[in-house]
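Undergrad: Counting in our numbering, the sequence shown runs from 1 upward without gaps. Sharing a structure, written as structure tokens. Questions coming.
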Amino acid sequence: MMRLKVVPLKWHFFTLLVLLGIPYLSIAQNEVRLQAEVKRRLYDLQYGTPVKRQQAAEVLGKLGDCSALPYLIRALKDESPEVRGAACEALGKLGDRSAVKPLKEVIVDKEPYVRVAAAEALGLLRDSTSISILIQAVGDKSIDYQRRCGAAHALGVLGDSRAVNSLVAVLADEWPKIRYEAILALGELKDKRAIPALLERLKTENIPTIRVAVTYALANIGDRAVITELTKALKDADTEVRAAASKALDKLVDRTAIPMLVDLIKDEATREYAEAKLDKLIRREDVPLILKEKWLGDEATRLYIINRIGRLKHSEALQILLNAMEAESPVVRLTAATAIGELMDKSAVPTLVKFVDDENIEVSKAVIKALGKIGDKACDTTLIRILRSGRDWSIRVVAAESLGKLPADAIIEPLLMGLRDANWDIRYFSATAIGELGDIKALSAVKYTSEEDTNEMVKEAARVAVAKIKDRNLKATY
């Protein structure tokens with residue numbers, strides 16, 4: 001029996017590197033260089049000048065090698081406050097909680113700079129001992145601003161709501177970096193008390209990056225009361241701020257925000273966003289919610305609601321749509337007619353018929369199309385009249401299309417007359433409509449048109465109609 005050879009673990013590692021296309025020699029060389037760098041910096045930390053020791057501590061923190069931990073802890077007692085501060089910072093970056101106890105001893109250091117550095121490191125290690133020192137340090141302008149930034153960051157990591165007031169107090173600080181870190185920290189704390197100050201900063205801040213940070217912080221806090229104010233950032237002059245505001249709103253907006261979004265339609269700057277979100281959120285059961293008189297008074301909002309309820313095919317909306325047919329705005333009448341057609345409610349026919357001769361030709365077309373969609377026999381007389389003597393050839397074309405959707409024998413004769421019309425468009429759509437009806441009595445007429453008409457498009461429409469009539473009647477036979 002053949003025995004499997006046990007391959008050392010390191011050879012599996014080599015194989016993985018080869019499969020990934022990574023040269024092992026390069027990785028090994030980098031590892032050697034890293035170890036050499038750590039050793040050199042450890043030597044400097046122990047035996048170098050104060051400047052060298054400070055630099056060594058800073059670099060060791062960035063390198064992230066935990067073998068430096070005991071040396072950095074020893075450096076907390078260095079005679080130089082700069083070295084002690086750098087060692088604190090490095091220990092915070094290493095993230096090893098065995099440094100918590102020695103850092104607590106440094107909290108009482110005689111140098112404020114070192115105390116804040118130790119407090120910041122403890123914050124990063126998630127030890128709340130330092131909370132009071134960090135709170136004080138954030139607003140202390142006698143301390144280096146970078147250390148104040150670190151304190152703000154650490155307060156965000158700790159997540160202690162006691163820090164809210166101190167962080168809010170520095171939102172107008174002269175140093176942009178401090179404002180930025182305080183905003184992010186408030187977002188991490190998720191305390192609603194910070195909202196008014198953050199909204200004010202969103203209005204007054206002149207640095208786009210900081211305004212972006214505000215939108216993220218507001219999204220993290222998660223209070224939907226900021227939606228209306230946050231939408232104002234959608235018209236910010238800066239592209240990144242607008243994008244960040246949109247993402248923040250996406251996080252906050254849900255179905256409970258529907259009324260708020262409807263309110264935003266009347267503002268041109270927020271209309272596109274509001275309509276896009278509503279399209280995703282609104283369901284048929286929401287129709288009664290959005291049919292409020294206060295919204296129907298604004299034309300843009302009214303148009304959206306009319307269009308939306310038509311697409312949702314909600315029967316309760318019919319009366320609102322019929323009322324909209326009386327609107328002064330032709331755009332509203334056109335949109336309402338289109339929506340009524342989507343509902344396909346036969347009770348709307350009498351009202352629609354009154355508007356087939358609307359002063360606006362596009363409204364007339366929309367009404368005629370709606371009658372065709374509803375497909376009630378009561379439309380016959382009206383549509384035949386328009387086909388025969390409509391005021392414009394384009395209206396007659398729409399009438400021909402609509403007639404083809406009505407289940408009535410009486411309309412065949414007018415459509416056959418349409419095949420002889422002087423306008424090729426009328427002939428084309430009459431042939432198409434006859435094909436949709438599939439009445440065998442029209443076969444010879446459309447066949448003649450398919451062979452003798454002077455327009456190739458009409459001939460093709462007639463040929464298609466002949467095929468449809470034959471197909472339908474063949475199926476009926478069998």
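Where is the CB? At the ideal position from N, CA and C, for every residue including glycine.
With distance defined between alpha-carbon atoms, name the residue in Arg41, Asp358, Ala433, Arg148 nearest to Gly372.
TA: Translated into the one-based positions of the sequence shown, residue 372 becomes position 372. Among Arg41, Asp358, Ala433, Arg148, the Cα nearest to that of Gly372 is on Ala433.
Undergrad: Less than 7 Å between the beta carbons of Arg193 and Val164, yes or no?
TA: Translated into positions along the sequence shown, residue 193 becomes position 193. Translated into positions along the sequence shown, residue 164 becomes position 164. Closer than 7 Å, so yes.
Undergrad: With DSSP as the reference, label Asn323 as helix, strand or coil.
TA: By one-based count along the sequence shown, residue 323 stands at place 323. In the structure shown, Asn323 sits in a helix (DSSP, three-state: H, G or I).
Undergrad: Is it right to say Gly222 is buried, meaning 16 or more other beta carbons lie within 10 angstroms of its own, or is it exposed?
TA: One-based indexing of the sequence shown puts residue 222 at position 222. With fewer than 16 Cβ atoms within 10 Å of its Cβ, Gly222 is classed as exposed.
Undergrad: Take Tyr113 and list the residues in its own chain whose beta-carbon comes closer than 7 Å to its own, dropping the five residues that flank it on each side.
TA: Numbered from 1 along the sequence shown, position 113 holds the residue referred to as residue 113. So the qualifying residues of the chain are Pro81, Gly85, Ile143, Asp144, Arg147.
Undergrad: Does DSSP put Ile221 in a helix, in a strand, or in coil?
TA: As a first step, residue 221 is located in the sequence shown; it is residue number 221 there, counting from the start. DSSP places Ile221 in helix when its eight states are reduced to three.
Undergrad: Confirm, please, whether the CB-CB distance from Ile265 to Thr301 is below 7 Å.
TA: In the sequence shown, counting from the first residue as 1, residue 301 sits at position 301. In the sequence shown, counting from the first residue as 1, residue 265 sits at position 265. Going by C-beta atoms, Thr301 is nearer than 7 Å to Ile265.
Undergrad: Which runs of the alpha helix (DSSP H) fall wholly inside the stretch 198 to 270 and span at least 4 residues, in chain order?
TA: DSSP runs (the alpha helix (DSSP H)) wholly in the stretch 198 to 270: 208 to 221, 227 to 231, 239 to 252, 258 to 264.
Undergrad: Excluding five sequence neighbours on each side, which residues of the same chain lie with their C-beta closer than 6 Å to the C-beta of Arg472?
TA: Within the sequence shown, residue 472 is the residue found at index 472, counting from 1. Once the five neighbours on either side are set aside, the close Cβ partners of Arg472 are Gly438.
Undergrad: Should the stretch 255 to 270 be called in touch with the stretch 293 to 308, which here means at least 3 C-beta pairs below 8 Å?
TA: These segments touch.
Undergrad: Please look up how many angstroms separate the CB atoms of Cys88 and Ala121, rounded, as I've assumed it's under 8 Å.
TA: Position 88 of the sequence shown, counted from the first residue, corresponds to residue 88. Position 121 of the sequence shown, counted from the first residue, corresponds to residue 121. Confirmed, about 5 Å.
Undergrad: Using a Cβ-Cβ cut-off of 6 Å (strictly less than) and excluding sequence neighbours within five positions of Ser430, which residues of its own chain qualify?
TA: Here residue 430 refers to the residue found at position 430 of the sequence shown. Hits under 6 Å: Ala400, Leu415, Gly418, Leu419.
Undergrad: Anyone know if the C-beta pair for Arg40 and Leu60 falls short of 7 Å?
TA: Position 40 of the sequence shown holds residue 40. Position 60 of the sequence shown holds residue 60. Cβ atoms of Arg40 and Leu60: not closer than 7 Å.
Undergrad: Under three-state DSSP, which class holds Trp424?
TA: Within the sequence shown, numbered from 1, the residue matching residue 424 stands at position 424. In this structure, Trp424 counts as helix in the three-state DSSP scheme.
Undergrad: Whole angstroms is fine: what's the gap from Trp424's alpha carbon to Cys379's?
TA: Position 424 of the sequence shown, counted from the start, is the residue given in the question as residue 424. Position 379 of the sequence shown, counted from the start, is the residue given in the question as residue 379. Approximately 24 Å between the Cα atoms of the pair.
Undergrad: So, helix, strand or coil for Met417, using DSSP?
TA: Counting from one through the sequence shown, the residue named residue 417 turns up at place 417. Helix.
Undergrad: Secondary structure at Asp44, three-state DSSP: helix, strand or coil?
TA: Counted from its first residue, the sequence shown places residue 44 at position 44. The answer is helix: DSSP assigns Asp44 an H, G or I state.
Undergrad: Taking its Cβ as the centre, do 16 or more other Cβ atoms sit within 10 Å of Tyr43, making it buried, or is it exposed?
TA: By one-based count along the sequence shown, residue 43 stands at place 43. That one is exposed.
Undergrad: Which residue wins for smallest C-alpha separation from Ser450, given the options Leu72, Arg427, Thr382?
TA: The residue given as residue 450 occupies position 450 in the sequence shown. Comparing Cα-Cα distances from Ser450 to each of Leu72, Arg427, Thr382, the minimum goes to Arg427.
Undergrad: Quick one: residues in its chain with C-beta nearer than 6 Å to the C-beta of Ala118, no 5 flanking neighbours on either side, listed in chain order?
TA: Taking the sequence shown and counting its residues from 1, the one referred to as residue 118 is at position 118. Only Cys88, Leu103, Val106, Ile107 meet the Cβ criterion.
Undergrad: Given Asp357, which residues of its chain have a CB within under 8 Å of its CB, disregarding the five upstream and five downstream residues?
TA: As a working note, residue 357 is residue 357 in the sequence shown. The answer, listed in chain order, is Ser364, Arg391.
Undergrad: Starting from the Cα of Asn123, find the closest Cα among Ile195, Val38, Leu155 and give me that residue.
TA: Counting from one through the sequence shown, the residue named residue 123 turns up at place 123. The amino acid occupying residue 123 in the given sequence is Gly; Asn does not appear at that position. Gly123 has its Cα closest to that of Leu155, out of Ile195, Val38, Leu155.
Undergrad: State the Cα-Cα distance for the pair Val349 and Ala225, rounded to the nearest angstrom.
TA: Taking the first residue of the sequence shown as 1, we reach residue 349 at position 349. Taking the first residue of the sequence shown as 1, we reach residue 225 at position 225. Approximately 44 Å, taken between the alpha carbons.
Undergrad: Could you give the uninterrupted runs of the alpha helix (DSSP H) lying entirely in the stretch 73 to 102, keeping only those of 4 residues or more?
TA: Runs found: 81 to 94.
Undergrad: Taking only the alpha-carbon atoms, compute the straight-line gap between Gly404 and Leu474 and give it to the nearest angstrom.
TA: The residue labelled residue 404 in the question sits at position 404 within the sequence shown. The residue labelled residue 474 in the question sits at position 474 within the sequence shown. Each residue's Cα considered, the two are about 20 Å apart.
Undergrad: Tell me, to the nearest whole angstrom, how far the beta carbon of Ala336 is from that of Ala324; I am working on the premise that it is less than 8 Å.
TA: In the sequence shown, counting from the first residue as 1, residue 336 sits at position 336. In the sequence shown, counting from the first residue as 1, residue 324 sits at position 324. Confirmed, about 4 Å.
Undergrad: When the Cα of Lys251 is compared with those of Asp279, Asn220, Thr270, which residue comes out closest?
TA: Looking up residue 251 in the sequence shown gives position 251. Taking only the C-alpha atoms, the option nearest Lys251 is Asn220.
Undergrad: Please report the Cβ distance between His314 and Arg284, rounded to the nearest whole angstrom; I am assuming they are in contact, meaning their Cβ atoms lie under 8 Å.
TA: Along the sequence shown, one-based indexing puts residue 314 at 314. Along the sequence shown, one-based indexing puts residue 284 at 284. Right, the Cβ-Cβ distance comes to about 5 Å (below 8 Å), so this counts as a contact.
Undergrad: Figure out for me which residue from Ala151, Arg33, Ala445, Lys247 has the closest Cα to the Cα of Lys413.
TA: Within the sequence shown, numbered from 1, the residue matching residue 413 stands at position 413. The sequence shown places Glu at residue 413, not Lys. The residue with the shortest Cα to Cα distance from Glu413 is Ala445.
Undergrad: Starting from the C-beta of Ala339, find all residues in its chain whose C-beta is less than 7 Å away, skip the five residues before and the five after it, and write them out in chain order.
TA: Here the question's residue 339 lines up with position 339 in the sequence shown. Cβ neighbours of Ala339 beyond the five flanking positions: Ile306, Asn307, Ile309, Gly310, Leu321.
Undergrad: Shortest alpha-carbon distance to Leu186 belongs to which of Thr204, Asp173, Ile207, Ser161?
TA: On the sequence shown, position 186 is the one that residue 186 refers to. The shortest Cα separation from Leu186 among Thr204, Asp173, Ile207, Ser161 belongs to Ser161.
Undergrad: Cα separation between Lys377 and Lys232?
TA: For the purposes of this step, residue 377 is identified with residue 377 of the sequence shown, where counting begins at 1. For the purposes of this step, residue 232 is identified with residue 232 of the sequence shown, where counting begins at 1. Their backbone Cα atoms lie some 51 Å apart in a straight line.
Undergrad: Hey, how far is the Cα of Lys277 from the Cα of Leu72?
TA: The count along the sequence shown starts at 1 and reaches residue 277 at position 277. The count along the sequence shown starts at 1 and reaches residue 72 at position 72. Near 53 Å, if we compare the C-alpha coordinates of Leu72 and Lys277.
Undergrad: In or out: Tyr448 buried (at least 16 other Cβ within 10 Å) or exposed?
TA: The residue labelled residue 448 in the question sits at position 448 within the sequence shown. Exposed: under 16 other Cβ atoms inside 10 Å.
Undergrad: For Tyr448, would you say it is in contact with chain C, using Cβ-to-Cβ distances shorter than 7 Å as the test?
TA: Judged by its chain identifiers, the structure shown contains no chain C, having just a single protein chain.
Undergrad: Using 10 angstroms around the beta-carbon of Gly435, count the other beta-carbons present and answer buried if the total reaches 16, otherwise exposed.
TA: Reading the sequence shown from its first residue, position 435 is the one you call residue 435. With 16 or more Cβ atoms within 10 Å of its Cβ, Gly435 is classed as buried.
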